[in-house]
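Peer 1:
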Amino acid sequence: MPNPAAWNAVLEQYARLHNPERELPKGVHLLSDSKCVTIFDGYEKAKYHFLVMPRYPFPLESSSSPSSASTSTSISVPSSHLTSLEALRKSPYCLRVLHALQEQARQVQEMIEEEMLKKEGWKWPIHIGFHARESMRHVHLHVISSDLISPKLKNKNFVILRNPLTPSSNSRARHYNSFHPSLGFFLHLTKVIEQVEASQKDTNSTSSYENLLKVPLRSHYTGQQYPTIPKLKVHLEEEWERRGKEEKRRQALPNKDGIKAPSDSERDRGADLVQGRAKKVKVDRTEEDVGASSGDETI
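Take 12 as the starting number for the sequence shown in my numbering and just add one per residue.
(1) If I follow the unbroken alpha helix (DSSP H) through M64, where does it start and stop?
(2) By the three-class DSSP mapping on this structure, what secondary structure does Q118 have?
(3) Please go through the same chain and pick out, in chain order, the residues whose beta-carbon is closer than 6 Å to the beta-carbon of A143, but skip the five residues on each side of it.
(4) Cα separation between L1 and R27?
(5) Going by C-alpha to C-alpha distance, which of Y104, K58, G255, T49 sits closest to R117?
(6) How is D295 classed by DSSP in three states: helix, strand or coil?
(7) So which of H191, H149, C105 has the shortest CA-CA distance to N19?
(8) Assign A26 to one of three DSSP states: helix, strand, or coil.
(9) Return helix, strand or coil for I160, following the three-state DSSP convention.
(10) Of all the options H29, M127, Y59, K163, which has the alpha carbon lying nearest to the alpha carbon of K259?
(11) Among the residues of its own chain, which have a CB less than 6 Å from the CB of N30, if the five just before and after it don't count?
(12) From the DSSP output, in three-state form, read off T201 for me.
(13) Give the single residue among I139, V108, E257 whose Cα lies nearest to the Cα of S45.
(14) Pick out whichever of S210, Q211, L224, T214 has its Cα sitting closest to the Cα of S192.
(15) With burial defined as no fewer than 16 other Cβ atoms inside 10 Å of the residue's Cβ, what is the status of V249: buried or exposed?
(16) Taking L194 as the reference, give the member of T214, K212, L200, S230 with the closest Cα.
(17) Buried or exposed: where does L264 fall if 16 or more other Cβ atoms within 10 Å of its Cβ makes it buried?
(18) Just mark V203 as buried or exposed, buried being the case when its beta carbon has 16 or more other beta carbons within 10 Å.
(19) Between which two residues does the alpha helix (DSSP H) harbouring T217 extend?
(20) For C105, which residues of its own chain have a beta-carbon under 6 Å away from its beta-carbon, when the five flanking residues on both sides are left out?
(21) Look up R148 in the DSSP assignment and say whether it is helix, strand or coil.
(22) Let me confirm a value: R66 is counted as buried when at least 16 other C-beta atoms fall within 10 Å, else exposed. Which label applies?
(23) Between H123 and Y59, which are expected to be in contact by the criterion C-beta below 8 Å, what is the C-beta distance as a whole number of angstroms?
(24) If I240 and K165 are in contact, beta carbons under 8 Å, what's the gap, nearest whole angstrom?
(25) Using CA coordinates, which residue listed in Q113, K37, S91, F69 is at the minimum distance from L200?
(26) Mapping the DSSP letters down to three states, classify F196 as helix, strand or coil.
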């Protein structure tokens, strides 16, 4: 296990593992290939919440190098290019990394949607994106279901770059606004790729992003404002249940191909990602959009 003193380097250490499926703590690994690894978020903020990271070394074809197209030796993205989204966007290899993350995120999304149908009988949106500023070293992509229902969703935002092992007046991590899909702190992957392809830079300052986390709590479903997280959570649960019932009623009506919603037995088949999460060992200071349960959770 990583050294607790290096709380903000846990993801970086995970990305350097030669065999993440075997070497990661029990219940943490979900999916990996030669370029990326996906893990369960240690402090999930929704019913389904995973992190996709580029592995290090991140292999490149020799022709990918801006300065060594003729070399026959294999190369990799420098580790300094992978420390954060901000660093990655400055890298000449940015799009290669983003596209690899996108490909694995699509696989994760398909797994989640299959599990949604089996367990709940309907599927709801999944958001794929980055936090504009992270507290954990090593760039990581969130794949998170839009319900934002989790016991670990406690406060409205989080504190950027705070060590959860060091007490402070801002020690409680706050999360909701960091995952609000339209507030601006959660950067959708497709939008980031579009900006990089168009050579558009992120001109927002860290302070401007921090200010986004301080705005009043508003439902990402209705836009209604709520004074506290507990009241917002009641609304989120009720809205998710209402939408689920409506969708299942809609599915109960045969479509043009005569296909109806899956039966209870069909939903029960297969692996249950939510139950799998319950079996996993909690990751020491691993990605939680900031801080530990007793302090700032990590993003």
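For every residue, glycine included, the Cβ atom is placed at its ideal position computed from N, Cα and C.
For clarity, every value in this text was computed on a predicted model and none was experimentally measured.
Peer 2: Inspection of the coordinates gives the following:
(1) Here M64 belongs to no alpha helix (DSSP H); instead the beta strand (DSSP E) covers 60–65.
(2) Under the three-state reduction of DSSP output, Q118 falls in the helix class.
(3) F196, L198, Y220
(4) Residue 1 falls outside the range modelled here, since the chain spans only 12 to 310, and no answer is possible.
(5) For R117, the nearest C-alpha among the options comes from T49.
(6) Because the pLDDT at D295 is just 40, under 50, the model does not fix this residue reliably, and the point stays unresolved.
(7) H149
(8) helix
(9) coil
(10) M127
(11) none
(12) helix
(13) S45 has its Cα closest to that of V108, out of I139, V108, E257.
(14) Going by the sequence as given, residue 192 is Pro instead of Ser. Of the candidates S210, Q211, L224, T214, the one whose C-alpha sits nearest the C-alpha of P192 is L224.
(15) Correcting the residue identity first, residue 249 is Glu in this sequence and not Val. Classification for E249: exposed.
(16) S230
(17) exposed
(18) buried
(19) Note, T217: alpha helix (DSSP H), 217–223.
(20) L99, V207
(21) coil
(22) buried
(23) Checking the displayed sequence, the identity of residue 123 turns out to be Ile instead of His. Here I123 really is in contact with Y59; their C-beta atoms are around 5 Å apart, less than 8 Å.
(24) 6 Å
(25) Q113
(26) coil
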